[in-house]
Amino acid sequence: YGNFKLLNSFPVEYAPITVSKWRSQKTGLTVVVGSHAAPITNGHFVIASEIFDDTGRPHTLEHLVFLGSKSFPYKGVLDQLANRAGSNGTNAWTANDHTAYTIATAGSEGFLRMLPVYIDHVLHPTITDAGFVTEVHHINGKGEDAGVVYSEMQARENQSGDLMALELQRSLYPPSSAYRSETGGLLANLRVLTAQQIRDYHAKYYVPHNLCLLIDGAVPLPVLFHILNTEVDPMIFSHLPPNTSIPPPGWKRPFVETSTASELSVPQSETKVVEFMEEDESMGEVSMVWLGPQPTDYRTNLALKLLGSYLTDSATSPLQKHFVEIPKPLCTGIDFYSEDRVNKNELQCFIADVPAKYLESIGDMINEKLREIAGKEDIDMERMGLVLRRDKRKLLNYMETSVSSVLANAVIGDFLYGEQTGGELPRAFDDLKDYDALSGWTSKDWTNLLKKYYVDPNCITIVGKPSAALSNKIETDEKERIAKRKKELGEDKLKELDRKLEEAKIESDKQAPEDMITSFPITNPAGLTWVPVETAINNVQGQEVKGDQGVVQKHLDRSDIRRLRFQAHFADVQSNFISVAVLFDTKKVPAHLMAYLSILQSSLFSLPLKRPDGTTLTHEEVVDQLNDFTVSQNISFSYRSCFSEVLCIALKVEKTDFEKAVTWIRDLVTGVMFTKDRLQVIVAKLLQELPYSKRDGGTISRAWANRLVYDVEKSTSEACGLLNSLNFVPQTAELLESNPDEVIAKMDEARQYLLDPEIIRVSVTGDILGVQDPIGVLWESFLPFKEASTLSPLSTAFDTLSDLGKSPAKKCVLVPMSAIEGSYSIHYARGLHGWDHPDLPALRLASATLNASESYLWKSIRGSGLAYGANIEVDAESGLTGFSVYRSPNAQIAYEAAGKLLRDLADGTVELDRNLVDGARSLLTYEYARKSETVSSAASTAYLNEVLKEVGKNNDQEMLKKLPRVTLDQIRNAITTYILPIFDSSTAVGAVSVSSGKADEVEAGFKKLGFEVERKELPTLGGDDSEDDSMGSGSGSESDDGMESGAMGSERGA
1 YGNFKLLNSF
11 PVEYAPITVS
21 KWRSQKTGLT
31 VVVGSHAAPI
41 TNGHFVIASE
51 IFDDTGRPHT
61 LEHLVFLGSK
71 SFPYKGVLDQ
81 LANRAGSNGT
91 NAWTANDHTA
101 YTIATAGSEG
111 FLRMLPVYID
121 HVLHPTITDA
131 GFVTEVHHIN
141 GKGEDAGVVY
151 SEMQARENQS
161 GDLMALELQR
171 SLYPPSSAYR
181 SETGGLLANL
191 RVLTAQQIRD
201 YHAKYYVPHN
211 LCLLIDGAVP
221 LPVLFHILNT
231 EVDPMIFSHL
241 PPNTSIPPPG
251 WKRPFVETST
261 ASELSVPQSE
271 TKVVEFMEED
281 ESMGEVSMVW
291 LGPQPTDYRT
301 NLALKLLGSY
311 LTDSATSPLQ
321 KHFVEIPKPL
331 CTGIDFYSED
341 RVNKNELQCF
351 IADVPAKYLE
361 SIGDMINEKL
371 REIAGKEDID
381 MERMGLVLRR
391 DKRKLLNYME
401 TSVSSVLANA
411 VIGDFLYGEQ
421 TGGELPRAFD
431 DLKDYDALSG
441 WTSKDWTNLL
451 KKYYVDPNCI
461 TIVGKPSAAL
471 SNKIETDEKE
481 RIAKRKKELG
491 EDKLKELDRK
501 LEEAKIESDK
511 QAPEDMITSF
521 PITNPAGLTW
531 VPVETAINNV
541 QGQEVKGDQG
551 VVQKHLDRSD
561 IRRLRFQAHF
571 ADVQSNFISV
581 AVLFDTKKVP
591 AHLMAYLSIL
601 QSSLFSLPLK
611 RPDGTTLTHE
621 EVVDQLNDFT
631 VSQNISFSYR
641 SCFSEVLCIA
651 LKVEKTDFEK
661 AVTWIRDLVT
671 GVMFTKDRLQ
681 VIVAKLLQEL
691 PYSKRDGGTI
701 SRAWANRLVY
711 DVEKSTSEAC
721 GLLNSLNFVP
731 QTAELLESNP
741 DEVIAKMDEA
751 RQYLLDPEII
761 RVSVTGDILG
771 VQDPIGVLWE
781 SFLPFKEAST
791 LSPLSTAFDT
801 LSDLGKSPAK
811 KCVLVPMSAI
821 EGSYSIHYAR
831 GLHGWDHPDL
841 PALRLASATL
851 NASESYLWKS
861 IRGSGLAYGA
871 NIEVDAESGL
881 TGFSVYRSPN
891 AQIAYEAAGK
901 LLRDLADGTV
911 ELDRNLVDGA
921 RSLLTYEYAR
931 KSETVSSAAS
941 TAYLNEVLKE
951 VGKNNDQEML
961 KKLPRVTLDQ
971 IRNAITTYIL
981 PIFDSSTAVG
991 AVSVSSGKAD
1001 EVEAGFKKLG
1011 FEVERKELPT
1021 LGGDDSEDDS
1031 MGSGSGSESD
1041 DGMESGAMGS
1051 ERGA
């Protein structure tokens, strides 16, 4: 194709995908295409970003790329055009060895239109002084440091994960290695960084021969390469100096040909302690690292991944059994993983929630146990076979559910460290051959691998130790630094800095010419290709839900069983797998038993079991037998992030194991045995995880806001949530010591309330036509109800609202936290209720317009440095609307600024920009297409819409037809009616978590707005001798999240 020479092309053996790698002979640009049928087209544009200092230039540059390019020199244009192209905006991340810029669009037409625009921003950004001031760092009129990047890193720099990662990098790598650097930037360095330093860095590394475009989806290659040859390559070439050779003389490939590639060793084992801010000093965490094989040694790396799973992946794993599955856990989880590095990968082990007294010794304990396994214990080959078979099934599942991520991991690693000829890329997809080869390994082979990489070599251990004193010190030091600076600068200089900031904002916010936006067509939803789904249903008496009445329904109707005694819905898609989900409405569970379902949620797949025929299985047999045939096991309070009063138990299996999955769900819910020993282990883990759970500011603010609007006596999910668990879990741990029979009796009693056909619904998704008699299987192998019952209406969040949730007003909870810097908040008001509400299209479009990248909230909140993120949330299930603030110096100021913006939009002071609204319509096209992007998500969306929401299988497509008809007046009315009340204390409630030093200021601000502020303190959960918590959510499955749950938007630049 023109300038682009094909380096390699090959089919992926285990999925209908062809991968091809190309390079431009004119510019050196690398292009990799993963061709496969999909409604979404994904792009990952990757730069190998090497840095030898802590200035944070890779990360700051990543932010500045989005502020304009040579051909589009206006902030916000990139995202506005991306929205019109059928995307939810652009995004990026900066890792230790690369920066990746991403975009995903509904269909390929918009993607192909965006490609030259995006590449222009990546290779030819403006990097203005004004952009640097607003986006990276400035000093405001109060003498405080601010800027989007600065605020982001301020929130991260003293968190345990960042502190431990940096200490690990410093300990493992010499000064000559780029891996030693903090690519995000340390605060002290960001304060002295200049825009010119970033420009210099861009000139060196952001060159076409150091850029790889990974594109996957249903992209027509002739059209793609026409654009690359006629638009992208000529644009790049026009910016290159005359007679430039590719690559130029003296160019060194980052990491591979620089001092970073020098031979690395760990001369001796060592342990280092890093303190992090936390009032509760009972629990810490530990990281260990060893040197691994080369990144392109794919078979050995897969073997090490399997070995890590063998050691840790379940309650029967050797390390899990020894350290976690005990009455007083030494930790709550152990996880092995690897990071690609140029000569030797990092092999890391993360140990979570370690009691303080074991923090500095658990690393030695882990090493000693690994020596035992490699010596006298040996490798259990039966269990290793189970691990290998499951990992292989999970890979095939990922190719159905997460193909873009699988491609990105392989292609980015190959681009950074593989042969530039493309010759090694096929090896990244030879997994099936590697699984076959590894299945022939002996116990000695696995023991040798363990010895070679973990037992014999030295390792570095980093201990993350909580410190209440550090929190006070950092707060005091920061106040003193700012006070000193203010004194040095003086009033006149501070005023000048404020003036320069305002000038920079004006310069950065210059509007693009309208035709630059309007000349870009918006995505037409009618052109989308949706994953085909055919539904069928077996209704219980009194139910009249209609499926598609096609071949799948005929297939079901061939069964001798005409009607099951419970509702069962089937969604047929082309898949290698079947998912069986059973939904238990918890409405009948009495309030005093609700919280016990949190223990069931955490233990269901790891308890001893008694089958109907009297056969008993130990908890280890249950764990191993489940793992040996499932792809995933999941138990959660929700279905696709909706209906949080439903306890959903799901198994995903190969279609040949459909009957086994049904039988197992039956036996689990009816036959698990609640024994004192197992419950003590599970509750001890739950207890030990709680300190970590209550360190997150966003989690705490949302937990308290939810407590205000939901009735804990009515809502099972609220009763099982974090706030209740802070009291319930420690009390249950004590009760298991003093009166275990009482806990067991309550667990059994709570279980019985679930075994009622009136509150049970079954969903089966996957290759339904590949199962001989699905109805017969359910009749024979599921719960043996004696007679049919009328199905009870499904509980919704609306049903569990508290009095304050029904009529929000005045109340605001404030939680001071020593573990965070900055603040997080969430406020709720009454919105609209019901997915068929006539105003829902207008409200969806209003929130999408407000939330879009570079739109109203982005500019007024993030662009002004008031918060890293702010979002309007719409929840038609609860009938609430919300406004969340994420990582803010002062969430009250961000909330107040958003309120002013919304009032100005409602009364017309600020015009509702038709171009932004059109972009939001196109953005929603992407959001709805994304919900049904894969076969599994398309099938579960069909069930969600057809049965649970009762709005019809194709409701998302119908919504997209309604959006073009929504007028600006209807959007303005939706803002006035449903969103403005969030910003009036007489019609709103909220919660805010804030660093302890800022609590008084934030409290005073919300009181000034009319809120009645109540402070809440989080409990300290014990000292060295406590076995602490773990609020787990059961065993995870692939995520098919719905849009209704109002989560934070993407964090661009994270």
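Just so you know, we're using UniProt numbering here: the sequence shown kicks off at 1 and counts up by one. For glycine and all other residues, C-beta sits at the position ideal for the given N, C-alpha and C. In this text the structure is predicted, and so the values were computed from the model without any measurement.
Under the criterion of beta carbons closer than 8 Å, His59 and Thr94 qualify as touching, at roughly 4 Å. Closest option to Asp97, judged by alpha-carbon separation, among Gln159, Tyr205, Ser638, Lys26: Tyr205. For Asp313, the secondary structure class from DSSP, reduced to helix, strand or coil, is coil.
Looking at the DSSP output, Arg23 shares a beta bridge with Lys5, Thr30. In the DSSP assignment, His827 falls within the beta strand (DSSP E) that extends over 823 to 830. Taken in chain order, the whole beta strand (DSSP E) runs of length 3 or more contained in the region 690 to 766 are 760 to 766. The three-state reading of DSSP puts Val192 in coil, since its state is none of H, G, I, E or B.
For the 9 Å CB-CB criterion, Leu29 and Val232 form a contact. Distance from the CA atom of Tyr435 to the CA atom of Leu388, rounded to whole angstroms, is 7 Å.
It is roughly 15 Å from the alpha-carbon of Ala469 to the alpha-carbon of Glu821.
With a cut-off of 8 Å on Cβ pairs, the region 335 to 347 is in contact with the region 292 to 311, counting three or more such pairs. In the structure shown, Trp441 falls within a coil segment according to DSSP collapsed to helix, strand and coil. Excluding residues up to 5 positions away in sequence, Lys676 lie with their Cβ nearer than 6 Å to the Cβ of Pro740 in the same chain. Closest by C-alpha distance to Pro774, out of Gly805, Lys685, Asp748, Lys660, is Lys660. DSSP places Val874 within a strand segment (E or B) once states are collapsed to three. Remark: C-beta atoms of Gly1005 and Ile826 do not approach each other more closely than 9 Å. Rounded to the nearest whole angstrom, the C-alpha separation of Lys484 and Ile47 is 40 Å. Look at Tyr886 here: in three-state DSSP terms it is strand. Between the beta-carbon of Glu854 and that of Asp79 there is about 4 Å, and that keeps the pair under the 8 Å contact cut.
In the DSSP assignment, Pro318 falls within the alpha helix (DSSP H) that extends over 318 to 323. For Pro241, the secondary structure class from DSSP, reduced to helix, strand or coil, is coil.
For Ile17, there is no enclosing alpha helix (DSSP H), as DSSP marks it with neither H nor E.
Per DSSP, Met283 lies in no alpha helix (DSSP H); the unbroken beta strand (DSSP E) holding it starts and ends at 283 to 291. Nearest in C-alpha terms to Ser265, of all of Leu240, Gln601, Glu275, Gly292, is Gly292.
Judged by DSSP secondary structure, Tyr639 falls within the beta strand (DSSP E) whose first and last residues are 630 to 639. Of the residues Trp835, Asp1000, Asp748, the one whose Cα lies closest to the Cα of Asn945 is Trp835.
In this structure, Gly76 is the residue among Ile522, Ala974, Gly76 with its C-alpha nearest to the C-alpha of Ser508. Note that the C-beta distance between Val992 and Val874 is not below 9 Å. The C-alpha of Leu489 lies about 55 Å from the C-alpha of Trp22. Secondary structure at Pro58: helix, using DSSP grouped into helix, strand and coil.
Here the alpha carbon of Pro808 sits roughly 48 Å from the alpha carbon of Glu360.
By a beta-carbon distance limit of 8 Å, Leu449 contacts Leu304. Their separation comes to about 7 Å.
With fewer than 16 other Cβ atoms from the protein chains shown falling within 10 Å of its own Cβ, Arg562 counts as exposed. Contact annotation: the region 606 to 619 does not touch the region 381 to 396, with fewer than three C-beta pairs closer than 8 Å. Assignment of Gln197 by DSSP, reduced to helix, strand and coil, places it in the helix class.
A straight-line Cα-Cα distance of about 11 Å links Phe584 and Tyr639.
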